[in-house]
Amino acid sequence: MDVLGGIIIGFIAWIVVRCVLTGFYTVNQNERAVKTIFGRAQRVGALTTLDDPIAESLSGDQRERYVYPQVHVIPPGGPYFKWPWEQIHKVSVATETVNMAYDPQNPSANNEGTLLEAVTKDQLNTGLTGQIRYQVSERNLYAYLFGVRHPFAHIMGYFVSVLRERIATFEAPVVAGHEEALDAASVEGISINDLRKNLRDLNEHMDKECFSSAARYGMVLEASLITGIDPPAEVESALAAINTAHNHVSSDISLATAAADQRIVESRRAVEIETLKAEAEVEPLRRLAAQLTELQSTGRPAMLAYVRNAKLALFSNARRVISEVKS
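Take the working numbering: the final residue in the sequence shown is number 372, and no numbers are missing along the way.
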């Protein structure tokens, strides 16, 4: 009986320790948790990611492929309690940064994860450097925990494929109203120059294209920052010479344009000055005509008096007067 009682007491103590004392857990501030019961995650009714705004960036066929159930997310805090048949999956949602050349499945690739290679539209193998800022999507934890085996590898592969496709087809945007100036001052076929001058547009394009990563893999690409685009060493000197010639041509074009603009401005000012002079000479005649019209309307005597006074003014200024005498 003592042995049987000891077994019962030990079993009860084991249940208390196994089910009660070890059943409490907490969730840190930078973590979120999902509970599974017999391997099945707690779901939010019949809702899926298609019912969430993060799926708006998915196309028609992608909406059929990337359909994940929405799960109940345990927020930071605690202590919480779970039964032995329940399991807690904790995920860090803190924002992290990684080199864009890092390959999680092969760390030695891409020059030990420091330089990503891509081919431009003019068949130049260029090197890219930069960083990616990412975090786990709290609104699609099912995809991160259960839908994709290696979500970080998927997100890096997706980013690299989109980036290489963009590099291979990138062309400098044409500013409206400056097509002729661009044709006269650009270096045709040098896509590396276009990439370097439009790094901001390239980064914005990558952010836009990778916006659907939260619905695909449960990870959010918050920002991509491409900081360097380096051409191959064998064409660096040739590219520098081309850029120098391009800058020289652009400088000559700018000087010629400035000189032409200056001459146009000077011609306009000369025309304005001559116009003002002509108007100044015509204005007294216009006013005199208006006064004579007004005098004539008052009567003939007023006009004769004006003519007499005008003749007297002429006589006072004349040195010699020849007058006709009637016989």
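C-beta: ideal position from N, C-alpha, C; glycine also.
Item, Value
"Closest Cα partner of K135 within the set L190, S153, Q87 and Q107", "L190"
"Range covered by the beta strand (DSSP E) that runs through N170", "N170 to V181"
"DSSP three-state assignment for S269, whether helix, strand or coil", "strand"
"Beta carbon of L173 nearer than 9 Å to that of D275", "yes"
"Three-state class that DSSP yields for R131 in the structure shown", "The sequence given here places Glu at residue 131; Arg does not occur at that position. Reduced to three states, the DSSP call for E131 is strand."
"Rounded separation between T71 and N170 - CA only", "50 Å"
"Three-pair Cβ contact test at 8 Å for the region 129 to 146 versus the region 97 to 116", "no"
"DSSP-derived helix/strand/coil call for S368", "coil"
"I309 to L321 span [Cα, whole Å]", "18 Å"
"Those runs of the alpha helix (DSSP H) which lie wholly inside the region 272 to 349 and span at least 4 residues", "278 to 343"
"Alpha-carbon to alpha-carbon, A78 and E224", "Unreliable placement is indicated for E224, whose pLDDT of 49 sits below 50; the coordinate value is still reported in the next sentence. Between E224 and A78, the C-alpha separation is close to 55 Å."
"Cβ separation of Y179 and V265, assumed to be a contact under 8 Å, to the nearest whole Å", "6 Å"
"Limits of the unbroken alpha helix (DSSP H) element including Q107", "G105 to R110"
"Inter-residue Cα distance where the pair is A334 and Q341", "11 Å"
"Residue from W59, D96, I119 and L49 with nearest C-alpha to T81", "I119"
"Assigned secondary structure, M201 (DSSP; H/G/I helix, E/B strand, else coil)", "helix"
"Per-residue DSSP class, three states only, for A260", "helix"
"Segment limits, alpha helix (DSSP H) that includes K166", "K166 -> no alpha helix (DSSP H), and no H or E assigned at all."
"Own chain residues within Cβ distance below 6 Å of T142, not counting five before or after", "Q176 and R178"
"Length of the line joining the Cα atoms of E324 and D306", "27 Å"
"Contact check, R88 vs Q115, beta carbons under 9 Å", "yes"
"Bridge partner(s) assigned by DSSP for M81", "Rather than Met, the amino acid found at residue 81 in this sequence is Thr. A86 and Q132, per the DSSP bridge assignment."
"Those residues which DSSP pairs with F69 across a bridge", "F126"
"CB-CB length for I212 against T159, believed under 8 Å", "So it is not a contact: roughly 18 Å between Cβ atoms."
"N144, enclosing beta strand (DSSP E) - first and last residue", "E141 to N144"
"Separation of I200 from A188, as counted between CA atoms", "12 Å"
"Spatial distance of Q150 from A198 (CA atoms)", "7 Å"
"Same chain only: Cβ atoms within 7 Å of L95, ignoring 5 sequence neighbours per side", "R108 and V112"
"Alpha helix (DSSP H) segment containing V48, residue limits", "D47 to I60"
"Residues that V352 bridges to, as DSSP identifies them", "BP columns for V352 are empty, so no partner."
"Whole-angstrom C-beta distance between E162 and V207, which should lie under 8 Å", "Between E162 and V207 the Cβ distance is about 15 Å, and since that is not below 8 Å, they are no contact."
"Distance, S368 Cα to A350 Cα", "20 Å"
"Alpha-carbon spacing of F360 relative to N354, whole angstroms", "10 Å"
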